[in-house]
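A short worksheet on the structure shown next.
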Amino acid sequence: MIFKKRPEPFAPPLILTPELLAEIRRLLAREKKIPAIKLLRERTGLGLKDAKDLAEAIERGYEPPLQGRMPLSERVRALRDAGDHASAVAMVQAETGMQRHEAERFVSVLD
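Each residue of the sequence shown is one higher than the one before, counting from 1 in the UniProt record's numbering.
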């Protein structure tokens, strides 16, 4: 079986503050993509392409990691352990862009 590497929405791993994400969303909602990209570059040190890719991913609904937020694995594990497997899979799909079968596998291998 051949697996293709899924392109990441942006290259470097980073964690945004909730305030920065809210400001980026406000700018994008007002169709101010260039100021949103500039703000991302200033606050995160991202390059132009990575900041543009991240802004566009956020515009499409991507949920980047936030400071003070539990990691995805812990949130998914809590849903799964509470018996809500469907919501756990849906959360993985929404936050990672995985296909359903990939998200199912992610949920099933959490210990």
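Even for Gly, the Cβ is constructed at its ideal location relative to N, Cα and C.
query	result
Spatial neighbours of Met70 within its chain, please: C-beta separation below 6 Å, excluding the five flanking residues on both sides.	none
Do you know offhand how far Arg77's Cα is from Leu21's?	25 Å
Would you report the Cα separation of Leu40 and Glu59, rounded to the nearest angstrom?	13 Å
For Leu66, name the three-state secondary structure that DSSP assigns.	strand
Label Val109 either buried or exposed according to how many other C-beta atoms from any shown protein chain fall within 10 Å of its C-beta, with 16 as the threshold for buried.	exposed
Express the C-alpha separation of Leu27 and Pro35 in angstroms, rounding to a whole number.	7 Å
If you count every other CB in all the chains shown that lies within 10 Å of the CB of Asp50, and 16 or more means buried, which is it?	buried
Rounded to the nearest angstrom, what separates Ala88 and Ile37 at their Cα positions?	31 Å
Out of Arg75, Glu63, Leu46, point me to the one whose CA is closest to Gly97's CA.	Glu63
Could you check if Ile24 is buried or exposed, using at least 16 other CB atoms within 10 Å of its CB as the buried criterion?	buried
Give me the Cβ distance between Gln93 and Thr17, rounded to the nearest whole Å; I'm assuming they're in contact under 8 Å.	Contact flag wrong, Cβ pair sits at about 25 Å.
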